[in-house]
Amino acid sequence: MHRSDIHDRTVIVKGKGCLVWDARGNELLDASGGGVWHSQIGHGRQEIADVAAKQMAELEYFTGLLEFSNDQAIKLAVRLAELAPGDINKVFFTNGGSEAVESAIKAARLYHTRKGEPSRTWVLARHASFHGSTYGSGTLTGFPSMHFGVGPHLPDIDKISPPYLYRAAELYGDADPTDYLVRELEETIERIGAGNIAALIGEPIMAGGGVLAPPADYWPRIGEVLRKNGILLIADEVVTAFGRTGQWFDAPTRGMDPDMITVAKGIGGGYTPLGALLLRDEIGEVIASEEGFFHGYTFQSHPVACAIGLATIDIIEREGLLERAGQIAGWLRDGLAGAAALPTVGDIRVEGSMAALEIVTSRTTREPMGWTQVGALAGMVRGVHKVIVRPYGHNLVLAPPLIISEEQVRQATAAVIDIVSRLRPDGTFAQ
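In the working numbering, each residue carries its 1-based index in the sequence shown increased by 508.
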């Protein structure tokens, strides 16, 4: 995601807790979770390094394909099955979120084929979603920049509108948002044909879209339509799982009853590439039947990564980091409240330890600020105050490690408000 207008890199060389240091020796507060919603347990934990070293001395790697596995992968799969909601007990390991989504696409299509409905190939996603950057997951991602100049894309993909309450009037008119979105889904199913659709994928909260939480009745009603039409529901919890919103999994709290869940990021604490596709028992059994699921990755179920995953879950549990996310939410709301009066802040959204400021050129028209200007905004927060936050489109996002202190949250939010208060509607900055 390097752009031509970026002429320098911030080269991070060291991390400890919520602090990182760059190659120039600058100490920076990480209010971004390693930059991409990661690092639930903070940086530089010696105990994780010890776990990795111990596992490397025992077994650094052996394939998890075909009839092989390893003890750490089995232990982590059992642990994930214990934490996952309902009868989601089958685990397919990957190296990250994009691979987990790729695996979900293939699993959904294969499931329907094995059930005698091979025509069910279509997968529905939503605009403003982020599901990855490989060809399949990237096609599902709802940002045009991901698609520009790299087509043709994965076929049989369609997108529907997101639950975006700040922009409800322009998206849904006078209609109730959930009524509108359910009707749109029903019309999409009728247009494509229910018998041609394999699954819908959605984030419980749309993180990359700007921390967009749906109305309370959204997922229950969407799920009802899907079940009526035999369409699977894939919850993309790559960002939201493992404590980011205060629970192991966010889907159940939204009334979302998924058939599959994709996870990554927080599952390894940021210490290793690790992801997984979690499936209902029946789905896992069907795709593993007959000739099996001829699909896999060289480093899936890597024993060192799985050992780190187990240790990360233990730390989240032992240190009460699920509950800590709720505290962080309160600190973020308090710290960002002053931004509500700023002329370039259209909306402030906080969900657990995630927060987004929607940056606009006008609070009246709600016209989004340009991506370049919001990128410059994040750069100034880092340059002036030594705090790392992230631009996501026209949103400025915070997602700190779950170990962050109240004082550090105050430091981060004060830095954001100071720089945003200097941003003019034309995208320039006052001194």
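The beta-carbon is built from N, C-alpha and C at its ideal position, and this holds for glycine as well.
Please read these numbers as outputs of a predicted model, since none were measured by experiment.
Taking C-alpha positions only, residue 700 is separated from residue 737 by approximately 12 Å.
Under DSSP, residue 914 takes part in no beta bridge, so it has no partner.
Note on geometry: alpha-carbon atoms of residue 763 and residue 513 lie some 42 Å from one another. The shortest CA-to-CA distance from residue 672 to any of 698, 692, 636 is the one to 636. With 16 or more other CB atoms across the displayed protein chains lying within 10 angstroms of its CB, residue 638 is buried. In this structure, residue 634 places its C-beta atom within 7 Å of the C-beta atom of residue 650. With respect to the C-alpha of residue 898, the residue from 537, 566, 910 having the closest C-alpha is 537.
At a Cβ-Cβ threshold of 7 Å, residue 906 and residue 867 do not count as neighbours. Buried is the label assigned to residue 772, since at least 16 other Cβ atoms lie within 10 Å of its Cβ.
Proximity of the segment 587-595 to the segment 621-628 falls short of the contact definition, fewer than three beta-carbon pairs being nearer than 8 Å.
When secondary structure is reduced to three states using DSSP, residue 514 falls in the coil class, being assigned neither helix nor strand. Burial is judged here by how many other beta carbons sit within 10 angstroms of a residue's own beta carbon; residue 534 has fewer than 16 and is exposed. Runs of the alpha helix (DSSP H) lying entirely within the segment 542-583 and spanning at least 4 residues, in chain order: 554-566. At the C-beta level, residue 770 and residue 609 come within 7 Å of one another.
Inclusion of residue 863 and residue 840 in the CB contact set at 7 Å is warranted, their separation being smaller than that value. When C-beta atoms of the segment 789-798 are compared with those of the segment 541-555, fewer than three pairs fall below 8 Å, so the two segments do not count as touching. When DSSP states are grouped into helix, strand and coil, residue 538 belongs to the strand group.
Around the CB of residue 575, fewer than 16 other CB atoms lie within 10 Å, so the residue is classed as exposed.
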